[in-house]
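Quick note on the working numbering: the sequence shown kicks off at 6 and runs consecutively.
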Amino acid sequence: MTGASKLDINRGTTLCMSVSARPSNFGTRFHNHLYAALGLDFVYKAFGVQDIAGVVAGIRALGVRGCAVSMPFKEAVIPLLDELDASAAAIGSVNTIVNTDGFLKAFNTDYTAIQLLIERHALSRDARVVLRGSGGMGKAVASALRDAGFTRGVLVARNEAAGRDLAARCGWDWHPTTPDMQDGDLLVNVTPLGMAGGPDEHTLAFTPDAIARAGTVFDVVALPSETPLIVEARRQGRPVVTGLEVVALQALEQFVLYTGVRPSDEQVQAAVEFART
Numbered sequence: 006m007t008g009a010s011k012l013d014i015n016r017g018t019t020l021c022m023s024v025s026a027r028p029s030n031f032g033t034r035f036h037n038h039l040y041a042a043l044g045l046d047f048v049y050k051a052f053g054v055q056d057i058a059g060v061v062a063g064i065r066a067l068g069v070r071g072c073a074v075s076m077p078f079k080e081a082v083i084p085l086l087d088e089l090d091a092s093a094a095a096i097g098s099v100n101t102i103v104n105t106d107g108f109l110k111a112f113n114t115d116y117t118a119i120q121l122l123i124e125r126h127a128l129s130r131d132a133r134v135v136l137r138g139s140g141g142m143g144k145a146v147a148s149a150l151r152d153a154g155f156t157r158g159v160l161v162a163r164n165e166a167a168g169r170d171l172a173a174r175c176g177w178d179w180h181p182t183t184p185d186m187q188d189g190d191l192l193v194n195v196t197p198l199g200m201a202g203g204p205d206e207h208t209l210a211f212t213p214d215a216i217a218r219a220g221t222v223f224d225v226v227a228l229p230s231e232t233p234l235i236v237e238a239r240r241q242g243r244p245v246v247t248g249l250e251v252v253a254l255q256a257l258e259q260f261v262l263y264t265g266v267r268p269s270d271e272q273v274q275a276a277v278e279f280a281r282t
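Structural data, given as structure tokens:
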């Protein structure tokens with residue numbers, strides 16, 4: 006780790022972790038790099054799991070300080086926890102668990118990251134949103150857009166019940182199929198389309214024509230950071246918001262919740278660059 010001391014793992018080291026059906030290395034490298042850079046006696050490990058109830062029991066029993074929660078557990082984990090922060094309760098989706106002496110409190114730093122990116126990219130509240138996906142991340146993105154004042158939107162989801170429910174919460178319309186005929190000023194993909202290693206890793210979430218008419222294209226898929234959707238949007242000269250931006254911001258907020266320490270912008274950027282290599 007360039008510019009950082011090595012971790013010295015011992016019996017007093019605090020453990021943080023992540024759970025997902027398909028874990029990546031980004032969080033592990035990001036957090037461990039910052040622990041070393043800041044001289045914190047923490048270590049972070051990613052786990053691919055299926056038994057979320059067993060995971061939560063293990064967090065309590067082993068005194069795991071923090072746990073990042075990814076697909077498909079963001080909603081299923083809720084009944085197993087002690088308290089929901091407002092960021093998680095308003096959405097009904099969890100991506101972060103903080104353990105304080107056996108008391109497990111849930112947060113959603115995806116929601117926080119989206120709020121920050123809306124401001125960072127100066128996204129217009131007058132934009133007509135077309136958002137594809139209604140899962141846990143879809144709830145976080147849609148809710149953040151709603152709470153930021155985006156009142157014009159279409160929620161595109163194959164799951165009619167989930168799609169209609171989320172659209173109603175936002176005051177948007179629901180559409181059951183791909184938005185080929187749906188023009189949007191802000192196109193947002195919150196499905197696995199374009200995700201590396203998945204069955205649809207080469208699939209565009211929106212058509213080239215829809216991309217050409219968009220003001221901004223936003224893909225929350227972070228692996229790869231340059232998804233087919235982002236590559237096509239850049240080719241057409243459309244402004245983009247990438248999944249790498251989302252994952253970096255949400256990981257930073259998790260780091261602060263776990264450690265109580267907020268790194269400098271330079272330290273965060275170095276951790277992001279390290280995590281990407």
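For glycine and all other residues, C-beta sits at the position ideal for the given N, C-alpha and C.
Top-ranked residue by Cα proximity to residue i, from the options
i	options	result
Gly-140	Gly-168, Phe-211, Phe-155	Gly-168
Tyr-49	Ala-66, Phe-31, Thr-196	Phe-31
Arg-199	Phe-223, Thr-117, Leu-39	Looking at the sequence shown, residue 199 is not Arg but Gly. Selected option, being the one with the closest Cα: Phe-223.
Gly-71	Ala-280, Thr-264, Gln-272	Thr-264
Gly-203	Met-22, Ser-29, Leu-20, Cys-21	Ser-29
Glu-231	His-207, Leu-254, Ile-57	His-207
Pro-197	Pro-233, Ala-172, Thr-212, Asp-190	Pro-233
Phe-47	Asp-56, Asn-113, Arg-243, Met-22	Met-22
Arg-218	Ala-127, Glu-237, Gly-143	Glu-237
Leu-192	Pro-229, Leu-128, Leu-228	Leu-128
Asn-194	Cys-175, Met-142, Pro-77	Met-142
Gly-220	Val-277, Pro-229, Asp-205, Asp-190	Asp-190
Span separating the alpha-carbon of residue i from that of residue j
i	j	result
Leu-150	Ser-75	20 Å
Thr-182	Leu-209	14 Å
Ala-51	Trp-177	36 Å
Leu-121	Thr-247	13 Å
Leu-86	Val-252	23 Å
Gln-288	Pro-84	Lying outside 6 to 282, the shown extent of the chain, residue 288 is not represented and no answer is given.
Thr-117	Arg-16	33 Å
Thr-82	Ile-235	Looking at the sequence shown, residue 82 is not Thr but Val. Going by the C-alpha atoms only, they are around 31 Å apart.
Pro-213	Asp-188	11 Å
Ala-201	Thr-282	16 Å
Ala-42	Ala-73	21 Å
Thr-156	Ala-62	41 Å
Ile-57	Thr-33	19 Å
Gln-272	His-180	42 Å
Ser-25	Val-245	26 Å
Val-146	Asp-152	10 Å
Asn-104	Val-69	7 Å
Counted within 10 angstroms of its Cβ, other Cβ atoms place residue i as buried (16 or more) or exposed
i	result
Ala-115	Before going further, note that residue 115 is Asp rather than Ala in the sequence given. So Asp-115 ends up on the buried side.
Ile-96	buried
Gly-44	exposed
Phe-35	buried
Thr-18	exposed
Ile-216	buried
Phe-279	buried
Ile-14	exposed
His-38	buried
Val-226	buried
Val-266	exposed
Gly-53	exposed
Glu-88	exposed
Leu-67	exposed
Ala-275	buried
Gln-255	buried
Glu-250	buried
N- and C-terminal bounds of the alpha helix (DSSP H) containing residue i
i	result
Ala-111	Premise fails: Ala-111 lies in the beta strand (DSSP E), 108-112, not in any alpha helix (DSSP H).
Asp-152	141-152
Arg-281	270-281
Leu-67	57-67
Val-251	248-264
Ala-91	91-94
Limits of the beta strand (DSSP E) - the one that residue i falls within
i	result
Asp-178	178-180
Ser-25	19-25
Leu-192	191-194
Ala-73	71-74
Asp-224	221-224
Ala-172	Not the beta strand (DSSP E): Ala-172 falls in the alpha helix (DSSP H), residues 165-175.
Ile-235	Segment 233-240 is the alpha helix (DSSP H) holding Ile-235; no beta strand (DSSP E) there.
Leu-136	134-137
Residue i Cβ short of 8 Å to the ligand PLP heavy atom set
i	result
Ile-123	Among the components modelled here there is no ligand, and therefore nothing to report on the ligand PLP.
(message) Across the stretch 156-170 and the stretch 128-140, are there enough close Cβ pairs to call them in contact, namely three or more that are closer than 8 Å?
(response) yes
(request) Would you check if the stretch 91-110 and the stretch 258-273 touch, i.e. whether three or more CB-CB distances between them fall below 8 Å? (result) Segment contact: the stretch 258-273 against the stretch 91-110, three or more CB-CB distances shorter than 8 Å; contact assigned.
(message) Taking 8 Å as the cut-off, does the stretch 104-123 touch the stretch 165-182 (at least 3 CB pairs, one atom from each stretch)?
(response) no
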